[in-house]
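Novice: I have a structure I would like to understand better, so I am pasting it below and will then ask my questions one at a time.
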Amino acid sequence: MAVFQAALVNEIEKLYKKKKALVAVLLSLAVIVIGQLAIVGVRSGFGLRGAGSVEFPLLVLAVVVNSILPLFTALVAIDSFSGEFSQNSMRITLTRPVSRLKIFSAKIAAVIIFILATLLLLLILSLLAGFIFNTNSASLGSLVRMVISYFVSLFPMIVLALGIVLLANLLKSGISVFFVSVLVFIFLSVLGVVFSQYSSLLITTQLNWFNLFLVNSFPLEKVVRQFLLMLGSGIMLFTAGFYLFDKKEF
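Using my numbering, the letters of the sequence shown correspond one by one to residues 1254 to 1503.
Here is the structure:
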């Protein structure tokens, strides 16, 4: 366990020193500022209420999980694998007395921590913005559902990251992995619209899983089914990604 912790700390340090995480934070902050300014403008210009103190963080979440967060998750996951492959720094990592499984798991864990940290930052900042501009529309129940929505959004993002990691170990170039990831994401989004009856099987639809936790009548069956689909997909993607990583020669 100590060996894995050391590998994880090393991966987090490498991630911390890169600018992608900072850019992701700045863009997330920009979404919150622009969104709140737009709501204030609508309210003052048209006399509409806009989004409440708890509704606003949910609007931010809906935008971010379908745009900024997948983008930077892809960049971080690609850089953790393809970036080190191209720079030959992976050889240095593998010279340490750590198994490939622990190295692979530590890299995945570092990406997950990045996603979780981004979601937590978005939660705090959007909640503060919502309370500052809309102080009269919050309730304990809606607040709890909002917090749960942010946390459950982590699971589909993990599946997405594992899919990108699989591509990063399948293709040599990081640029190729990025463009293939974007094309696959667009293709799955279109596929979900054309074949809406099967959309729940697609990761692009699962990114909006948090919406199931916001309805008044909690759809337990749908939530469990979606969770099991994501769990099965995640296990298969992790296994396939590690198999390719383990077979690579550096």
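Glycine residues also receive a C-beta, built at the ideal position from the N, C-alpha and C atoms.
Given this structure, state the Cα-to-Cα distance separating Ile-1488 from Thr-1458, to the nearest angstrom.
Specialist: As a working note, residue 1488 is residue 235 in the sequence shown. As a working note, residue 1458 is residue 205 in the sequence shown. Roughly 19 angstroms separates the two Cα atoms.
Novice: Thinking just about the alpha-carbon of each residue, which of Leu-1369, Lys-1270, Ile-1428 and Ile-1356 is nearest to the one in Ser-1406?
Specialist: As a working mapping, residue 1406 is identified with position 153 in the sequence shown. Comparing Cα-Cα distances from Ser-1406 to each of Leu-1369, Lys-1270, Ile-1428 and Ile-1356, the minimum goes to Leu-1369.
Novice: Among Leu-1311, Ile-1411, Leu-1423 and Val-1477, which has the Cα closest to the Cα of Val-1364?
Specialist: Working through the sequence shown from its first residue, we reach residue 1364 at position 111. Measuring from the Cα of Val-1364, the nearest candidate turns out to be Ile-1411.
Novice: Note down, in chain order, each residue of its chain lying with its Cβ closer than 6 angstroms to the Cβ of Ser-1452, except the 5 sequence neighbours on either side.
Specialist: By 1-based counting over the sequence shown, the position of residue 1452 is 199. Answer for Ser-1452: Gly-1445 and Thr-1458, listed in chain order.
Novice: Can you confirm whether the stretch 1474-1485 touches the stretch 1423-1442 when touching is taken to mean that 3 or more C-beta pairs between the two stretches lie within less than 8 angstroms?
Specialist: No, because fewer than three Cβ pairs between the stretch 1423-1442 and the stretch 1474-1485 fall closer than 8 angstroms, the two stretches do not touch.
Novice: When we look at the beta-carbon of Met-1254 and count the other beta-carbons within 10 Å, is it buried (16 or more) or exposed?
Specialist: Numbered from its first residue, the sequence shown carries residue 1254 at position 1. It counts as exposed.
Novice: For Arg-1398, does the three-state DSSP call read helix, strand or coil?
Specialist: Position 145 of the sequence shown, counting from 1, holds the residue named residue 1398. In this structure, Arg-1398 counts as helix in the three-state DSSP scheme.
Novice: Considering only residues of the same chain and omitting the five flanking positions on each side of Leu-1455, which have a CB-CB separation below 7 angstroms?
Specialist: Residue numbering aside, residue 1455 sits at position 202 when the sequence shown is read from its first letter. So the qualifying residues of the chain are Leu-1441, Leu-1444 and Gly-1445.
Novice: Assuming the contact rule is C-beta atoms closer than 8 angstroms, Ser-1346 and Ile-1356 should be a hit. Round their C-beta distance to whole Å, please.
Specialist: Stepping through the sequence shown from its first residue, residue 1346 is reached at position 93. Stepping through the sequence shown from its first residue, residue 1356 is reached at position 103. At residue 1346 the sequence reads Thr, which differs from the Ser that was named. Right, their Cβ atoms sit about 6 angstroms apart.
Novice: Using the rule of at least 16 other Cβ atoms within 10 Å of the residue's Cβ for burial, across every protein chain shown, is Leu-1490 buried or exposed?
Specialist: In the sequence shown, counting from the first residue as 1, residue 1490 sits at position 237. The residue in question, Leu-1490, is buried, as its Cβ has 16 or more Cβ neighbours within 10 Å.
Novice: Check Val-1433 in the structure and name its three-state DSSP category.
Specialist: Position 180 of the sequence shown, counting from 1, holds the residue named residue 1433. The answer is helix: DSSP assigns Val-1433 an H, G or I state.
Novice: Is the beta carbon of Phe-1338 sitting closer than 8 angstroms to the one on Val-1418?
Specialist: Along the sequence shown, read from residue 1 onward, the residue named residue 1338 stands at position 85. Along the sequence shown, read from residue 1 onward, the residue named residue 1418 stands at position 165. Contact flag unset, no.
Novice: Can you tell me whether DSSP reads Met-1254 as helix, strand or coil?
Specialist: On the sequence shown, position 1 is the one that residue 1254 refers to. In this structure, Met-1254 counts as coil in the three-state DSSP scheme.
Novice: Could you give the first and the last residue of the continuous alpha helix (DSSP H) run that contains Asn-1422?
Specialist: Reading the sequence shown from its first residue, position 169 is the one you call residue 1422. Counting along the chain, the alpha helix (DSSP H) containing Asn-1422 begins and ends at 1407-1423.
Novice: What residue from Ser-1358, Val-1400, Ala-1260 and Leu-1481 has the CA that sits closest to Pro-1409's CA?
Specialist: Residue mapping note: residue 1409 aligns to position 156 of the sequence shown, counting from 1. Answer by Cα proximity: Leu-1481.
Novice: When the distance is taken between beta carbons, is Pro-1310 closer than 8 angstroms to Leu-1374?
Specialist: Here the question's residue 1374 lines up with position 121 in the sequence shown. Here the question's residue 1310 lines up with position 57 in the sequence shown. Result no, Cβ atoms of Leu-1374 and Pro-1310 do not sit closer than 8 angstroms.
Novice: Residues in the same chain with beta-carbon distance under 6 angstroms from Ala-1362, minus the five sequence neighbours each way, listed in chain order, please.
Specialist: Sequence index remark: in the sequence shown, residue 1362 carries index 109 (1-based). So the list reads Leu-1261, once near-sequence residues are dropped.
Novice: Looking only at C-alpha atoms, which of Asn-1263, Leu-1314, Gln-1258 and Ser-1395 sits nearest to Leu-1460?
Specialist: Within the sequence shown, the letter at position 207 stands for residue 1460. Taking only the C-alpha atoms, the option nearest Leu-1460 is Leu-1314.
Novice: Should Gly-1394 go down as buried or exposed, given a rule of 16 or more other Cβ atoms within 10 Å for buried?
Specialist: The residue you call residue 1394 lines up with position 141 of the sequence shown. Answer is exposed; the Cβ neighbour count stays below 16.
Novice: Identify the continuous alpha helix (DSSP H) that holds Glu-1474 and give its terminal residues.
Specialist: For this step, residue 1474 is matched to residue 221 along the sequence shown. 1473-1500 is the span of the alpha helix (DSSP H), which, as asked, contains Glu-1474.
Novice: Could you check whether Ala-1359 and Phe-1257 sit closer than 8 angstroms to each other, using their CB atoms as the reference points?
Specialist: Numbered from its first residue, the sequence shown carries residue 1257 at position 4. Numbered from its first residue, the sequence shown carries residue 1359 at position 106. Yes. Within cutoff.
Novice: Tell me the start and end of each unbroken alpha helix (DSSP H) in the stretch 1324-1374 that is at least 4 residues and wholly inside, in chain order.
Specialist: The qualifying runs are 1337-1340 and 1342-1347.
Novice: Determine whether the beta carbon atoms of Gln-1479 and Trp-1462 lie at a separation below 8 angstroms.
Specialist: Locating residue 1479 in the sequence shown gives position 226, counting from the first residue. Locating residue 1462 in the sequence shown gives position 209, counting from the first residue. A contact, by the Cβ cut-off of 8 angstroms.
Novice: Under the rule that 16 or more other beta-carbon atoms within 10 Å means buried, what is Tyr-1403, buried or exposed?
Specialist: In the sequence shown, the residue the question calls residue 1403 occupies position 150. Tyr-1403 comes out buried.
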